[in-house]
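Taking it in order: structure first as structure tokens, then the write-up.
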Amino acid sequence: MSLRVSHGEADGVSGAYAEKLLDIILGKQNSLPRTYGFEYEFLPDRILNHEDMSRLSDFLLNKGYMQDNGIHLKGDRIIAFEPGGQIEYLSPPLKASDRRGFNETLEWIRGMNAIINSETGIRYIGTDFIPGRYTAPLLLTSKRYSRMHERFMMVDSRGPDMMKGTAAIHLHAAITSGEDLCALYSLFCEMASSVEFGMSGARREIWNRTDSCRCGLPDLVMENGARSILEGIVEFALEAVELQSGKRFRSIEGKNFTDFLDHLTTIFTDIRVNCKVATLELRTPDSRPLEAFPSIWEKFVEKCENL
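In the numbering used here, each number is its position in the sequence shown, counted from 1, plus 18.
Below, the structure is given as structure tokens:
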């Protein structure tokens, strides 16, 4: 996936928000050697219901995990769920050389999937898409997910499949400087369009027909470095429909930068900036069996380290 360079100037809001985003990112003071991370999603092998989700939550609480705003935590072990019951494991930050930490994280994931299967009867599998879940129950019913699902039922045709029937691996790299952001973004664009790191045909077809105003990649102006990249990201998000109002974010009166940051988390572009921890996320890799992951992780880290 290549960057299309345009030459229009962003408006005042785009520029101001881009500056604020850059301040947030650089304010995290990430430094070299860069750290990496991943979010690994698995699909349940059958359609789950709300009772299944309650059993999963009780299971994790009994295993010593604490629940906080939908996230289950136990030390540096973090587990979340997606609207179709997909389980998502979040790695800790890992240095490129931390083979032990990486292997321990994989063993944790492998062990959790096995014990969930044995104690709850729910089997999680690493795969990109399981058809037939368009009408499955929406298992996360917060306002955010309910509004998202309602919108996806009205626009395009595959949004509910995306929410409930797909699973991905998100690969993260810490942003250590403005120059780092530029280099990583360009590299991530190349990887997103590659066979190895890109979406399968089935999953790409779903994402292309989910919600065009919040999926894909924005057009970017590259000549001014990190600020230009962030202006393109901001401009894309400003034009996207805000879930509560059903209007383009730009057109809603009274919205501020804090509101925009929340709205930004509902944008599902192939590459996304995570402002909370100042990382760049590659969101295209498909979920796969756990034994197939080390090779893609090694290649991802190697490409980033060779920038």
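The C-beta atom is built at its ideal place from N, Cα and C for all residues, glycine as well.
Suppose you measure from the CA of S313 to the CA of G183; what does that come to, to the nearest Å?
Reading the sequence shown from its first residue, position 295 is the one you call residue 313. Reading the sequence shown from its first residue, position 165 is the one you call residue 183. Spanning the two alpha carbons is a distance of roughly 25 angstroms.
Output needed for A186: all residues of its chain with C-beta closer than 7 angstroms, excluding positions within five of it in sequence on either side, in chain order.
In the sequence shown, counting from the first residue as 1, residue 186 sits at position 168. Taken in chain order, the residues that qualify are E59, R301, P303, D304 and S305.
Would you identify the three-state DSSP class for C293, choosing helix, strand or coil?
Translated into positions along the sequence shown, residue 293 becomes position 275. Correct three-state label for C293: coil.
In this structure, does DSSP put I134 in helix, strand or coil?
The residue labelled residue 134 in the question sits at position 116 within the sequence shown. Looking at I134 - three-state DSSP - the assignment turns out to be helix.
Please look up how many angstroms separate the CB atoms of F147 and I224, rounded, as I've assumed it's under 8 angstroms.
Indexing the sequence shown from 1 puts residue 147 at position 129. Indexing the sequence shown from 1 puts residue 224 at position 206. Rounded, the Cβ-Cβ distance is 7 angstroms, consistent with contact.
Reduced DSSP category for L235 - H, G, I as helix; E, B as strand; rest coil:
The residue you call residue 235 lines up with position 217 of the sequence shown. Looking at L235 - three-state DSSP - the assignment turns out to be coil, as it is neither helix nor strand.
Taking the C-alpha atoms as reference points, what is the distance between I105 and R151?
Position 87 of the sequence shown holds residue 105. Position 133 of the sequence shown holds residue 151. So the two alpha carbons sit approximately 16 angstroms from each other.
Under the three-state DSSP convention, the category M172 falls into
For the purposes of this step, residue 172 is taken as the residue at position 154 of the sequence shown. Reduced to three states, the DSSP call for M172 is coil.
For a quick check, are the C-beta atoms of E57 and L108 less than 7 angstroms apart?
If you number the sequence shown from 1, residue 57 lands on position 39. If you number the sequence shown from 1, residue 108 lands on position 90. In this structure, L108 lies closer than 7 angstroms to E57 by Cβ.
Going by CA-CA distance only, name the one from A34, L298 and G234 that's closest to A258.
Start at 1 with the first residue of the sequence shown, and residue 258 comes out as number 240. The candidate whose alpha carbon is nearest that of A258 is G234.
Could you check the C-alpha separation between R232 and D116 for me, to the nearest Å?
Numbered from its first residue, the sequence shown carries residue 232 at position 214. Numbered from its first residue, the sequence shown carries residue 116 at position 98. Roughly 35 angstroms separates the two Cα atoms.
C200 and A244 - do their beta-carbons sit closer together than 7 angstroms?
By one-based count along the sequence shown, residue 244 stands at place 226. By one-based count along the sequence shown, residue 200 stands at place 182. Cβ distance < 7 angstroms, so A244 and C200 count as in contact.
Quick one: which unbroken alpha helix (DSSP H) runs of 4-plus residues sit fully inside the segment 36-85? Chain order, please.
Listed in chain order, they are 68-80.
For M172, count neighbouring C-beta atoms within 10 Å of its own C-beta (all shown protein chains included) and say buried if the count is 16 or more, exposed if not.
Here residue 172 corresponds to residue number 154 of the sequence shown, with the count starting at 1. It counts as exposed.
The beta strand (DSSP E) with F99 in it runs from where to where?
Numbered from its first residue, the sequence shown carries residue 99 at position 81. Here the beta strand (DSSP E) through F99 covers R95 to F99.
DSSP beta-bridge partners for S190?
Residue mapping note: residue 190 aligns to position 172 of the sequence shown, counting from 1. This sequence places His at residue 190; Ser is not what is there. Per DSSP, G55 and E299.
When the Cα of Q262 is compared with those of G55, I97, Y163 and N48, which residue comes out closest?
Here residue 262 refers to the residue found at position 244 when the sequence shown is read from its first residue. The shortest C-alpha separation from Q262 is found at Y163.
Per-residue burial, S32 [other beta carbons within 10 Å of its own, 16 or more giving buried]
Within the sequence shown, residue 32 is the residue found at index 14, counting from 1. The C-beta of S32 has 16 or more other C-beta atoms within 10 Å across all chains shown, which makes the residue buried.
Can you look up K265 in the DSSP assignment and give me helix, strand or coil?
Your numbering for residue 265 matches position 247 in the sequence shown. Coil.
Limits of the beta strand (DSSP E) - the one that E106 falls within:
Here residue 106 is taken as the residue at index 88 of the sequence shown, counted from 1. Under the DSSP assignment, E106 falls in the beta strand (DSSP E) whose first and last residues are I105 to L108.
By the DSSP assignment, the beta strand (DSSP E) with K273 in it spans what residues?
Sequence index remark: in the sequence shown, residue 273 carries index 255 (1-based). Neither: K273 is in no beta strand (DSSP E) and is coded neither H nor E.
For I270, which option in D280, R176, T123 and L256 has the closest C-alpha, if you only look at C-alpha atoms?
The residue labelled residue 270 in the question sits at position 252 within the sequence shown. The shortest Cα separation from I270 among D280, R176, T123 and L256 belongs to L256.
For L40 versus L248, is the C-beta distance shorter than 7 angstroms?
Looking up residue 40 in the sequence shown gives position 22. Looking up residue 248 in the sequence shown gives position 230. Cβ atoms of L40 and L248: closer than 7 angstroms.
Within 8 angstroms, do at least three Cβ pairs link the segment 113-133 to the segment 66-74?
By the Cβ test, the segment 66-74 is not in contact with the segment 113-133, since fewer than three Cβ pairs between them sit closer than 8 angstroms.
Would you say P149 and G103 are within 7 angstroms of each other, going by their C-beta atoms?
The sequence position of residue 149 within the sequence shown is 131, counting from 1. The sequence position of residue 103 within the sequence shown is 85, counting from 1. P149 places its beta carbon 7 angstroms or farther from that of G103.
What three-state label does DSSP hand V213 in the structure shown?
Taking the first residue of the sequence shown as 1, we reach residue 213 at position 195. Three-state result, V213: coil.
Counting only the same chain and skipping the five closest in sequence on each side, list residues whose C-beta sits under 7 angstroms from that of A154.
To locate residue 154, count along the sequence shown from 1; it is residue 136. Counting only Cβ-Cβ distances below 7 angstroms, and skipping sequence neighbours, we find I65, G102 and K182.
Apart from the five residues just before and just after S175, which ones in its own chain have a Cβ nearer than 8 angstroms to its Cβ?
Within the sequence shown, numbered from 1, the residue matching residue 175 stands at position 157. Excluding sequence neighbours, S175 sits near R227.
Could you please give the first and the last residue of the uninterrupted beta strand (DSSP E) stretch that includes L256?
The residue you call residue 256 lines up with position 238 of the sequence shown. L256 -> not in any beta strand (DSSP E); alpha helix (DSSP H) instead, spanning A244 to E257.
Bridge partners - I143, DSSP secondary structure assignment
By one-based count along the sequence shown, residue 143 stands at place 125. According to DSSP, which records beta bridges pairwise, I143 is partnered with L61.
Since F286 sits in a beta bridge, which residues does DSSP pair it with?
Working through the sequence shown from its first residue, we reach residue 286 at position 268. In DSSP, F286 forms a bridge with C233.
If you run the structure through DSSP and keep just helix, strand and coil, what is T123?
Position 105 of the sequence shown, counted from the first residue, corresponds to residue 123. Three-state DSSP puts T123 in a helix.
Confirm, please, whether the CB-CB distance from S246 to V252 is below 7 angstroms.
Counted from its first residue, the sequence shown places residue 252 at position 234. Counted from its first residue, the sequence shown places residue 246 at position 228. Cβ distance not < 7 angstroms, so V252 and S246 don't count as in contact.
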